[in-house]
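Read in order, the letters of the sequence shown correspond to residues 1 to 520 in the UniProt record's numbering. Each residue gets a CB set at the ideal place from its N, CA and C atoms; glycine is no exception. The block underneath contains the structure these notes are about, expressed in structure tokens.
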Amino acid sequence: MMSNEREHKYIYNMFYNERRKLCRLLDDGDKWKELAGHMQFGISTIHEIERKTRCEGSPCDELLTLWGRHNHTVLELFVLLSRMNQVKAMEEIKSSVDPKYHLLIRNYEQNLCDNFAQLGQHQPNGIIRNSETTNSDNAAVITKSSKILNVPKPMQPNIIVQAESINNNGVISNENNENILIPSNKSNALPLQRRLSPQPQGKFLVSGISDISSINESASAIPRISYDELQSATDNWNESNVLGRGGFGKVFKGMWKNTAVAIKRLEPPRGMTSAESYNTQMEQSMRELRYLNGCRHDNILSLYGYSMDEGREPCLVYQYMSGGSLERNFQRSRQNLQSALIWQQRKNIARGTARGLQFLHTYNKEKPLIHGDIKSANILLDQCNEPRIGDFGLAREGPHTDYMKVTRIQGTRPYLPDEFLRGRKLSTKVDTYSFGVVLFEIATGLSVYDDKRKYKFLKDHVTMHCEENQQDILQDMKSEDSSSNEAKNIFNELIKLGLICVSKSSNQRPEMVKVLECLE
């Protein structure tokens, strides 16, 4: 296996025996739970994995499946295992990791030997002391996605966290990236204890005049709101007002100026240092401010204001969407917690989303804005089920024609095409593909990923049924009008258009302007 292939080998491409042995190790003693913490999964996710695998199955395997959906690599897993000091587990997967990263194992063993020497004990059998094995050429940046969970981060010998801004030099990453530098012995870095010490909750703060001035420049036309106003609007950040949680922090419902709003309060992901957490979150916040400031449309979520008071947590204030996300709507209808959307509403949601997306691609003739994370979770509905596209944290300006090569793969795997996942080719056609998958969700009401299906990804599930002339059985029949001719026609229309949007070749996918024309 070539070095580059090892560096970018995804979790879902792990060898079967390699994965089975790893899971056996981590299932023992529930070590997978600690790994879940390093992956930044919440306690509710851990409980769900336990429930799902109580009778049969490996909880670690379920965890890897869940994490793998977000394009994580074996290399990233290798680094997380090094943080846990799980050398045996690292040995099991090291054949899928570039040898230059094997120094993580050697550094741990050397540190262990040093500790024994300091205690005046003999070195244990089987551990060979390494002498000056690191090399400046071995420095590399590794990244990981993060969500919030209060799990302490173990101290790791000879690993420091990079304090500078995110490195774009051939790095694969995800939302809320964490950058870890494997240094040479000549590194001038700060001591490990200082660089890896966790930052207390609630201490992710705006710091410095230069930060604030750059914020003001990005948000020139957006009102700046004091932190105290937002604190009052949410009843002192009352937990009963929490709408959702994620790698960015929490979203609260609040009443500001007698108006219902959604307030995103940025918090550092657990286990990340202050500097890297700050850089990552601020980069994505600046992106949202910049693009939402210059891109206003009926089908794009409105940003009402921001708060960047020095010494306080950064906040973004959005229009409150009482209908929740499209994803949540389908989840609730599958659980019979609410009535399903009727078919005219579904078509209207598809049309409105397409209208907003084509606007992003065309409002700037020089450089189209590529959203990069179109999915049902980022399509929000108001009280009338009108859709608005949200979450511009991964948006990027792209080329007007053809594609551009990117250094980081960002997004959610079931919504991403092969040319982006494997070739890192970014174009407006990536958004078109993602929209096609959303059309399948709207038409079928099914989850975008289900490991109980023969074809786990919804795109493959729908495609195979269509090839076998069995698409009719995919229609979501939970709404009251599902048996009508109109419902069947809309279903067929959405499936047909979705198939075109997810064409394997990006050249065969239409631009979103054409997609909208088909839905009008």
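Nearest to residue 522 by CA position, among ASN71, THR65, ARG24 and THR53, is which residue? There is no way to answer for residue 522, as the model of the chain reaches only from 1 to 520.
For TRP32, which residues in the same chain have their Cβ closer than 7 Å to its Cβ, ignoring the five residues on either side in sequence? LEU26, PRO59, CYS60 and LEU63
Throw me the rounded Cβ distance for the GLY254 and ASN241 pair, which I believe falls under 8 Å. At roughly 7 Å, the Cβ-Cβ gap stays under 8 Å, so GLY254 and ASN241 are in contact.
In the structure shown, what three-state DSSP assignment does ARG334 receive? helix
Hey, out of PRO387, LYS425 and LEU458, whose CA is closest to PRO414's CA? LEU458
As a quick exercise: from GLU91, ASN13, GLN331 and ILE222, pick the residue whose alpha carbon is nearest that of VAL317. Of the candidates GLU91, ASN13, GLN331 and ILE222, the one whose C-alpha sits nearest the C-alpha of VAL317 is ILE222.
How would you label ASN115, buried or exposed, when you count the other beta carbons within 10 angstroms and need 16 or more for buried? Any reading at ASN115 must be qualified, since the residue scores a pLDDT of 48, below 50, and its modelled position is unreliable; the value itself is stated next. So ASN115 counts as exposed.
Between which two residues does the beta strand (DSSP E) carrying LYS452 extend? Segment: none, LYS452 is in no beta strand (DSSP E) and carries neither H nor E.
Does the separation of the CB atoms of SER447 and PHE330 fall below 9 Å? Yes.
Strictly by DSSP, which residues pair up with ILE263? PHE252 and VAL317
How close, in whole Å, do the beta carbons of THR432 and ARG509 come, if the pair is a contact with beta carbons under 8 Å? 5 Å
So, at 7 Å on beta carbons, what are the nonlocal neighbours of GLY352 in its own chain, with the 5 sequence-adjacent residues on each side left out? The residues are ASN299, GLU386 and PRO387.
Among LYS94, THR444 and HIS297, the one whose alpha carbon lies nearest that of LEU22: LYS94
With a threshold of 16 other CB atoms inside 10 Å of the CB of TYR320, please say whether the residue is buried or exposed. buried
C-alpha gap between LEU494 and ARG83, whole angstroms: Looking at the two C-alpha atoms, the distance is approximately 46 Å.
With distance defined between alpha-carbon atoms, name the residue in SER479, ASP476, PHE440 and ASP481 nearest to HIS461. PHE440
State whether the stretch 479-493 contacts the stretch 419-426, with contact taken as three or more CB pairs (one from each stretch) at a distance under 8 Å. no
Quick check on the burial criterion: 16 or more other C-beta atoms within 10 angstroms. Buried or exposed for ALA260? ALA260 comes out exposed.
Buried or exposed: which applies to ILE379, given that a residue is buried once 16 or more other Cβ atoms fall within 10 Å of its Cβ? buried
Does the separation of the CB atoms of GLN410 and ASP373 fall below 9 Å? yes
Taking LEU301 and GLY390 to be in contact with their CB atoms under 8 Å, please state how far apart those CB atoms are, rounded to whole angstroms. Rounded, the Cβ-Cβ distance is 4 Å, consistent with contact.
Contact belief for THR65 with LYS9 at Cβ below 8 Å, rounded distance in angstroms: Rounded, the Cβ-Cβ distance is 16 Å, inconsistent with contact.
Note down, one range per segment and in chain order, each beta strand (DSSP E) of at least 3 residues found wholly within the stretch 358-415. 379-381 and 387-389
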